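Chemist:
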Amino acid sequence: MKTILLHLDEHDSLASMMTTALLVARRFGSHIEGYHVRAGVPRMVPAGPEGSAIATTELIESLEREERIISRRVRERFETFMREQQVPVTSSMPPSDQPSASWQETVSPDDEALASRGRAFDVIVVGRPVAGATAPKMSTLEAALFESGRPILIAPPGVPETIGETIVIGWNGSTETARTIAFAMPFLLAAKDVLVLSVEEGMVPGPLGREVAQCLVRNGIAARSKTMQSGGRSTIGATILAECGAVGADLLVKGAYTQSRLRQMIFGGATSHILGHAELPVLMAH
């Protein structure tokens, strides 16, 4: 976890995202790249039921100016935060065992730029979407999750105080969670306590939780296992989050979308519930 791509935009979760990235950087001596994507201004704009119209020069210039203002505000907030935390802001990624930071921005009409840039990093930090808020966006999170090939670390709405001291692995026997555990090994090796949690109603064919815990112990990880039932809770995700709270976890490791996104949208699922309700950082991969 030596390189962190931190997706930045102007919204209420920005402080939590920067803090989450910094906690990881301090734990592993990582470099944080603050990354802002400006959408750019289309030359065609909606003009009502009749279709689109060509944007005027004045409108284009006004929208571009507003985007640059937002970009400047986000950059200033990022660099101010890093200076206050005594993290040097550089123009490159210096080899070091101490946290450092840099800034990068680009123009892209969609979320593909984040996914593409993220392929060069160990982890991508994104914000958890919040009901009723325009950002962070679910489309951004899912682009990073599905298109980057890297794990994503989802910052909660509230600013976390620690990360990776007590870890819960939401184990369901799936390929997705096995892959996420592999990405999470730096966190797991540094943790004081790791709980491999299996909820009976959410299991798919695969190894048992105790078998996973045994393999982690063999790797020098302080792991234990627990299998439980949902206990009448509405979803598997609610059960996992409740157990995270019960053990004081400050990181959840969970494979994303063992069921399809469409099925989870219609019927619900553990991933969907966690993305909508988690109050701790969550490491996910697909």
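Numbered according to numbering that gives the first Met the number 0, the sequence shown spans residues 0 to 285. For every residue, glycine included, the Cβ atom is placed at its ideal position computed from N, Cα and C. As the structure is a prediction and not an experimental result, all values here were calculated from the model.
Rounded to the nearest angstrom, how far is the Cβ of Gly157 from that of Glu278, given a contact under 8 Å?
Modeler: Yes, Gly157 and Glu278 are in contact; Cβ-Cβ is about 6 Å, under 8 Å.
Chemist: Please report the straight-line C-alpha distance between Val281 and Arg76, rounded to a whole angstrom.
Modeler: Using only the alpha carbons, I get a separation of about 24 Å.
Chemist: Using three-state DSSP, classify Ala277 as helix, strand or coil.
Modeler: Reduced to three states, the DSSP call for Ala277 is coil.
Chemist: Thinking C-alpha only, which one of Leu194, Gly268 and Thr2 is nearest Ala248?
Modeler: Checked all of Leu194, Gly268 and Thr2; the closest Cα to Ala248 is Leu194.
Chemist: Identify the residues that DSSP records as bridge partners of Tyr34: which are they?
Modeler: Beta-bridge pairing links Tyr34 to His6 and Gln103.
Chemist: Given 8 Å as the limit, is there contact between the stretch 68-85 and the stretch 1-9, that is, 3 or more CB pairs closer than that?
Modeler: Yes: the two stretches touch, three or more of their Cβ pairs being nearer than 8 Å.
Chemist: Does DSSP put Gly254 in a helix, in a strand, or in coil?
Modeler: Looking at Gly254 - three-state DSSP - the assignment turns out to be strand.
Chemist: Ile180 lies in the beta strand (DSSP E); which residues open and close that run?
Modeler: Note, Ile180: premise wrong, no beta strand (DSSP E); alpha helix (DSSP H) at Thr174 to Phe182.
Chemist: As a quick exercise: from Glu66, Gly205 and Arg209, pick the residue whose alpha carbon is nearest that of Thr174.
Modeler: Ranking the options by Cα distance to Thr174, first place goes to Gly205.
Chemist: For the alpha helix (DSSP H) containing Val167, name the first residue and the last one.
Modeler: No alpha helix (DSSP H) holds Val167; the beta strand (DSSP E) holding it covers Thr165 to Gly169.
Chemist: Around the C-beta of Glu65, are 16 or more other C-beta atoms found within 10 angstroms, so that it is buried, or is it exposed?
Modeler: With fewer than 16 other Cβ atoms within 10 Å, it is exposed.
Chemist: Going by C-alpha to C-alpha distance, which of Glu83, Leu251, Ala112 and Val106 sits closest to Ala322?
Modeler: With the chain running from 0 to 285 in the structure shown, residue 322 is simply not present.
Chemist: Would you check if there are 3 or more beta carbon pairs closer than 8 Å linking the stretch 209-227 to the stretch 131-149?
Modeler: Taking 8 Å as the limit for Cβ pairs, the verdict is that the stretch 131-149 does not touch the stretch 209-227.
Chemist: How is Ile220 classed by DSSP in three states: helix, strand or coil?
Modeler: Three-state DSSP puts Ile220 in coil, outside helix and strand.
Chemist: Can you find the residues in the same chain that come closer than 7 Å, C-beta to C-beta, to Thr18, ignoring five residues on each side of it along the sequence?
Modeler: Cβ neighbours of Thr18 beyond the five flanking positions: Val158 and Pro159.
Chemist: So, do the stretch 230-244 and the stretch 111-119 have three or more beta carbon pairs nearer to each other than 8 Å?
Modeler: Short answer: they don't touch.
Chemist: For the putative contact between Ser229 and Glu210, defined by C-beta atoms under 8 Å, what is the C-beta separation to the nearest angstrom?
Modeler: Rounded, the Cβ-Cβ distance is 22 Å, inconsistent with contact.
Chemist: For Val125, which of helix, strand or coil comes out of DSSP?
Modeler: Reduced to three states, the DSSP call for Val125 is strand.
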